[in-house]
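> Got a structure for you, questions after.
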Amino acid sequence: MKKTWTLRRQLNILLALIVIFQSLALVFALFISRVYFMLDAEAVRLLNNTTETRAETFDTSVGQMIAGLADESKQLSTRMTDLAQQTGSTPQAIYRDDIAYNESAQIASDALVSILKQDRVTGAFFILNGSNAEKANGQAHSAVYIRNTTPDSEETANYSLEIGPTAVAKSYGMATSIRWDLDMKENEDGSQFDFYEKPFWAGTAYKGSEIERFGYWTKPIDLLKDNQQVVCYTLPVLDQDGNPYGVLGVEIDMPYFSQYYLPDSDLLYHNSFYVIAGMHDQALDLNWFIPGGVLAKTYLKSGEQLPMKALKDEGISETTLNDLGAMYSSMRELKVYSENSPFVDENWTLACFVPSQVLMENSQSVREKLFASIAITTLLAFSGVFVLVYFFTRKISRLSEYVSGLSPYDEIQFKPTGMREIDDLTSAVELFNQSLVTASQTTSKILELSLLPIGGYEVHDSSRNVILTDFLYWLLHIEPGIPVSKEEWKACLNRLRANPMEDHANIYRYDDEQRETQLWLRIIEAKQPSGVVGVIQDVSTEIEENRRLVNELDYDALTHLYSRTALKREVNRKLREKPDKIGAMIFMDLDNLKYINDSFGHEVGDRLIVRAGEIFRYFEPFGGIISRISGDEFAVYLHDFDHPDQVRDIIREFHDQKESFCLRTPDGESRRIRFSSGIAWYPQDADNVTELLKLSDFAMYEAKNTEKGRLFEFNREYYEQTLGEHKGESTDSTEEEPSPCIC
Amino acid sequence: MKRKLKITCLLLSLLVVVMAGTACSTASQKKTALDPKNPVSITLWHYYVGDNKIALEKAVDEFNKSVGSEKGVVINAVAKGSIVDLEEAITNSAKGVINAEPMPDLFSCYPDKGLEIDQLGKLCDLNDYFTKDEQNSYVDEFLKSEKYDEKRLLNIPIVKSTELLYVNKTAWNAFVSQSGLNDSALSTFEGIYDAARAYYQWTDAQTPETAGDGKSLMGFDSVANYIIIGNKQLGTEIIDGTDSKAVLNRADLKKVFDLYYGGMCLGYFNAVSKFRSDDIKAGDLVAYVGSSSGAAYFPTWIEKDNTQSPIEFLALSYPVFAGGIPTAIEQGAGMSVTKSTPAKEEGSALFLKWFTAKEQNINFAMTTGYLPVEKAAYENTDFKASLDAMSAGDQSEKNVAAVYGIALDQIMNADTYASTPFDESYDLRTILEKSLMTTTVAGRQDAAAFRAQGMSEQEVLDALNLDARFDAWLASLRSQLDGLGIAYSEE
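See below:
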């Protein structure tokens, strides 16, 4: 049988498959379109944009600052030349003259203050080519160095004079610093003075060029030996012949550099940072670098060469930092020198570092959320499917539950489901059921009207109760319509089948105690695929009739002795039961029946036969089977003897009484009843009842022919002889008047 | 069985819906608001300059790299110029003045300024972040001046300082050898006044061709401190935090006024550059009262004819008015935390605890001559060793060591005083200083005019009429106090 599934399960599986298919299709579509990798590209683009913008801003600010500084240098140069002329000196020798020097310090401080107000720098300085205080010391330079710790404000009171005469401090109301000095001194070994020497050299070497060409950037240095790293930009100050006699410079300290030029506020990704360093041979040279904040200071190791692996996106490289792991870096070379600058080979690269994980974080998170959403949506869709299918099929399930719970006696009334097809179907079923009920009722009625005492039952495997027809309710004294369980029914059926009838299959005697009657029931069952059906019929009348008929066949109506058929059956039974015993068939024929009939009428003749029957009942006590064969012929069979003489003794005794066998006729006479008899032995003469009857009949005829009223035993020899002589001869004998009875 | 399956399915679907709905609202209660993976960025405004600024920036770097990165705090230190600039910026931000920057999360602040900002509802009560034990680790006196109403903790002391007398010993000795005075003349204000007059006259006499070109001996870095401490030495708490008012004791105020006003007008005292240490460097002054925190600024040489002229240094206790109780100021800006997010407040408090812990605090304090704020620092062997090393160091280090000698002595002997702040005490302090300085400037101009007329010192003094000037100053004080609604009483 084909496996069947419930509608609910089928719908669930179908819809769940649709949901799965849809989700897979979505994932596949997303995979093909590579949507979630677009975010990675976008992140890289943003990083590049940020760096690009920052580099441009930086280049612009620095460009403006250099332009401003170049202007200041030119103006300063003019004023210094004027001063030199006024004091009868040259710019190259200003430091040597006290008055000129003091005046130059004031002029320089004006320029420096102007620079500090104009540019986003933390300090500005002017260094002369010699020292006024120590004129003989070639390594000392008179200078004015002013610092401004708050470049964002123009308040000169916050400036501090690092180097220069106190007159400068007084005139601007600024404080002098802890390490305030009058001169700037070269180191003994001449190191760390490139901020002075380089532009000085350039101005000399490329004399006549535009002043910006001579500009020089220092790497971060501790210029004032106060543990403050600063980056400086210096330009030479030239005399009218273009010869340098001092430098004008600005300094930007590291905290302000990162705060203003490399602000964290740019950065779009956490754990990312800027750094400015030199880039050589695919490696970031960290011998010097300008950190853009805490992270750069923390994670970049001074002196290291950080290999940068260029990726296919332009300007993007990959590297690894010990603590932060894999990093992406967007890099742009900064334009800090003119193209014709002798220092143009010094590479300043702005690098923006972002941990790879952080850069890809958004797309990773989007991917994760996308898949989580798909998974949740799928789960929700599954739940939705289960819930909707449950409610959708519930009405249909209820229909089926309703039908399976119905008893055959209930009227079917389906609840509407709201689904047209199903409702049409249920209406059709209702209609069909109505016709079925009508047909069934008609059949029932016909059965009832036929007066046939018959009933049926059905035991269905899937049902708790048994279906019974009205007759069975009547038979079992149960109120019609009351449900009968299988168990109850089994008990009832066992009671009905308690007394099976002998020799009759499927017929049982049933004593109905309540009605005090005895019934005969025929119970027939047939197996069905889904259970058992059965019919129970009251066959009491039939059985009684049958019995009556059997009685008529077995017994002679007049004498109530066995008929010939019954004799044969009974004798056969005895022979079958005890075949080794000896038996005798005694055939007897009344000698005077014809005479009596003729003389006194058939009524008296019947009385004679009746009387003779009574006489022959003599053999009943000896187990004799006594039968009236026909008319005036009787046969008695005796069995269960060990010797013929035992039989002979019984017969002799019977014959001894034969004088007393009388019949009173209407004429008032008592007439003797006479009969001739023959005897054939079992098994000596024959072994079957037909042969025994035939042979004993022959012996009786012999007696009749020889001497009426006598008993002859069968003689085979004579029989065979006679059989040869009288073949086809009639055995009719003439009857004579019975002799009067002695008694 | 089937039924169970159905129920399970239904429950499962419900669970999914409920979980999806609540997933995002699930909030785990955390003990700390800080997250190392998502560090909170804290802006710190300070007024430190020079070496203090560098020291602070170094400390901030160290914090960011260590505790900060471990706990998830990044401090961005921004120098806002002088304390005046900083206070102005803070006030503007707190009041929401147009174009003002947003409030920093953490800023340097004097207790009385802190109270003013607190009035605007912008300060965080640090009692929430500092346990009793943690508060106990600070020197009691220092923390007491930071507390308002004895309850709210609005300010954590960072470093403290006191004032003392700085003397260019070389110049002083040169004068002493001629005048017969000795160092004890500098122990009282009256003595200083007399010495200054003598010094003026002595220097004036060195150029007989030019009259009235005598040099000033003495200067004051903080006129406000002079007024407050002068009154205190004489027995008056001019800033009465207990009753939230100004106490104007006429007799005491007069003494304080006469000395300063007279000295300034007659050129015995002076203030040329931004700080009196600058005046020492320029050779414009011989001595000044200034903060111990300026110790490093005292030079080892002064500028003389465009060259360096070496000088020696003498540190003396803060002068006292004759008959008064020796008292010096105890001062120092602490830091206040702006009311903001729990993470920022907690991060700020974390930095303050770290920064005031003895190791960091000693390092920072000793850059220029501040005093650490934790009790433990004073018993710390490193602190003592540093002091010893300083005493044995070069000249400038020896100078700082000498200042510590005086400052620690004043602090340890409880000769220091800090007025108890109240809501208007910041304004009161400003009024006292500004009004006296303003009237003095006018007095100096008048005095210069009188001198130009050829008047002698005494004639100038008489012409100035100090009593009338004092009354005028007092009247101006009263009207300014009335104008700001600051209560005052007169004695």
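Chains as they are written, first to last, in the working numbering: chain A, 326 to 1068; chain B, 90 to 580. Ideal Cβ placement from N, Cα and C applies to all residues, glycine included.
Determine which residues of the stretch 661-690 of chain A have a Cβ less than 7 Å from any Cβ of chain B, and write them out in chain order.
Per Cβ criterion, the list is empty.
> Do you know how far the Cα of A:D863 is from the Cα of A:N758?
Roughly 31 Å separates the two Cα atoms.
> Start and end of the alpha helix (DSSP H) containing A:V360?
Its alpha helix (DSSP H) spans residues 360-411.
> Could you confirm whether any beta carbon from chain D is found closer than 9 Å to the beta carbon of B:F364?
No chain D appears in the structure shown, which is made up of the protein chains A and B.
> Could you pull out every residue in the same chain whose Cβ sits closer than 6 Å to the Cβ of B:R286, ignoring the five residues on either side in sequence?
For B:R286, where only same-chain residues beyond five positions count, the Cβ hits under 6 Å are Y357.
> Where do the N-terminal and C-terminal ends of the beta strand (DSSP E) with A:C987 fall, by residue?
Run containing A:C987: 987-989, per the beta strand (DSSP E) assignment.
> Which same chain residues end up closer than 8 Å to A:R421 when comparing Cβ atoms and leaving out the 5 residues on each side of it in sequence?
Contacts found: S414, G455, N457, K460.
> Check whether the stretch 1007-1025 of chain A touches the stretch 903-913 of chain A, taking contact to mean three or more Cβ pairs, one atom from each stretch, closer than 8 Å.
Output reads yes: the stretch 903-913 of chain A touches the stretch 1007-1025 of chain A.
> Which first and last residues belong to the beta strand (DSSP E) in which A:R834 is found?
Run containing A:R834: 832-837, per the beta strand (DSSP E) assignment.
> Kindly indicate which residue of B:N127, B:S276, B:A432, B:T121 has the alpha-carbon position closest to the one of A:H595.
It is B:N127 whose Cα lies nearest to the Cα of A:H595.
> On the criterion of 16 or more Cβ atoms from any shown chain inside 10 Å, does B:T111 qualify as buried, or is it exposed?
Reliability of the predicted coordinates at B:T111 is poor, the pLDDT of 45 falling under 50, and the value obtained from them is presented with this limitation in mind. Exposed, because fewer than 16 other Cβ atoms sit within 10 Å of the Cβ of B:T111.
> Quick check on the DSSP output: the beta strand (DSSP E) that includes B:R365 runs from which residue to which?
B:R365 -> not in any beta strand (DSSP E); alpha helix (DSSP H) instead, spanning 365-370.
> Return the CA-CA distance between B:G83 and B:M192, expressed in angstroms with no decimal places.
Not covered by the structure: residue 83 of chain B. The range shown for chain B is 90 to 580.
> Does the structure place the stretch 251-264 of chain B close enough to the stretch 430-443 of chain B that three or more beta carbon pairs sit under 8 Å?
Contact fails: fewer than three Cβ-Cβ distances are below 8 Å.
> With a threshold of 16 other CB atoms inside 10 Å of the CB of A:Q553, please say whether the residue is buried or exposed.
Buried, since its Cβ has 16 or more Cβ neighbours within 10 Å.
> Below 8 Å, is the gap between the Cβ of A:W799 and the nearest heavy atom of the ligand MN?
The ligand content of the structure shown is nil, which means the ligand MN is not present either.
> From the DSSP output, in three-state form, read off B:C354 for me.
Three-state DSSP puts B:C354 in a helix.
> Along the stretch 479-499 of chain A, what residues have a CB closer than 7 Å to any CB found in chain B?
Going along the stretch 479-499 of chain A in chain order, one finds E480, A482, N483, S485, P490, T491, A494, K495, G498, M499 with a Cβ nearer than 7 Å to chain B.
> Flag A:L507 as yes if its beta-carbon sits less than 9 Å from any beta-carbon of chain B, otherwise no.
With 9 Å as the cut-off, A:L507 counts as an interface residue toward chain B.
> Here's a check: name, in chain order, each residue in its chain whose Cβ is nearer than 7 Å to the Cβ of B:D302, leaving out the five neighbours to either side.
Same-chain partners within the cutoff: D293, T296.
> Which same chain residues end up closer than 6 Å to B:L573 when comparing Cβ atoms and leaving out the 5 residues on each side of it in sequence?
Counting only Cβ-Cβ distances below 6 Å, and skipping sequence neighbours, we find D516.
> Quick check on DSSP: helix, strand or coil for B:I500?
The answer is helix: DSSP assigns B:I500 an H, G or I state.
> Checking contacts by CB at 9 Å: is A:N427 closer than that to chain B?
Chain B contact via Cβ: present.
> Applying a beta-carbon distance threshold of less than 9 Å, which residues of chain A neighbour B:L386?
Here residue 386 of chain B turns out to be Tyr, not Leu, going by the sequence shown. Those within 9 Å of B:Y386 in chain A are A500, T501, S502, I503, W505.
> If you measure from the beta carbon of B:P128 to each beta carbon in chain A, is any gap under 9 Å?
Yes, contact with chain A.
> With distances taken Cα to Cα, identify the nearest neighbour of B:V409 among B:V530, B:K321, B:V186, B:Q547.
Ranking B:V530, B:K321, B:V186, B:Q547 by Cα distance to B:V409 puts B:K321 first.
> Less than 9 Å separating the beta-carbons of A:K622 and B:K442?
Contact: no.
> Residue ranges of each beta strand (DSSP E) run of no fewer than 3 residues wholly in the stretch 758-816 of chain A, ordered along the chain?
DSSP runs (the beta strand (DSSP E)) wholly in the stretch 758-816 of chain A: 779-785, 790-793.
> Could you check the C-alpha separation between A:H968 and A:M910 for me, to the nearest Å?
The straight-line gap from Cα to Cα measures roughly 14 Å.
> Which residues in chain B have a C-beta closer than 8 Å to the C-beta of A:Q553? List them in chain order.
I143, listed in chain order.
> Give the straight-line distance between the Cα atoms of A:R334 and A:P741, rounded to the nearest whole angstrom.
Cα-Cα distance, rounded: 22 Å.
> For B:Q118, count the other beta carbons within 10 Å of its own beta carbon; 16 or more makes it buried, fewer makes it exposed. Which is it?
Low per-residue confidence applies at B:Q118: pLDDT is 41, beneath 50, and the placement is therefore not dependable, though the value from the model is reported in the following sentence. Answer is exposed; the Cβ neighbour count stays below 16.
> Under 7 Å, CB to CB, which of the residues in the stretch 352-376 of chain B have a partner in chain A?
Cβ contacts with chain A: V361, S362, K363, F364, D367, K370, A371.
> Mind checking the stretch 408-433 of chain A against chain B and listing, in chain order, the residues whose C-beta falls within less than 8 Å of any C-beta there?
Of all residues in the stretch 408-433 of chain A, D423, Y426, N427 have a Cβ within less than 8 Å of some Cβ in chain B.
> With distances taken Cα to Cα, identify the nearest neighbour of A:D970 among A:G930, A:N922, A:I951, A:E1038.
Minimum Cα distance to A:D970 is reached at A:E1038.
> Within 10 angstroms of the Cβ of A:P991, are there 16 or more other Cβ atoms? Answer buried if so, exposed if not.
By the 10 Å Cβ count, A:P991 comes out exposed.
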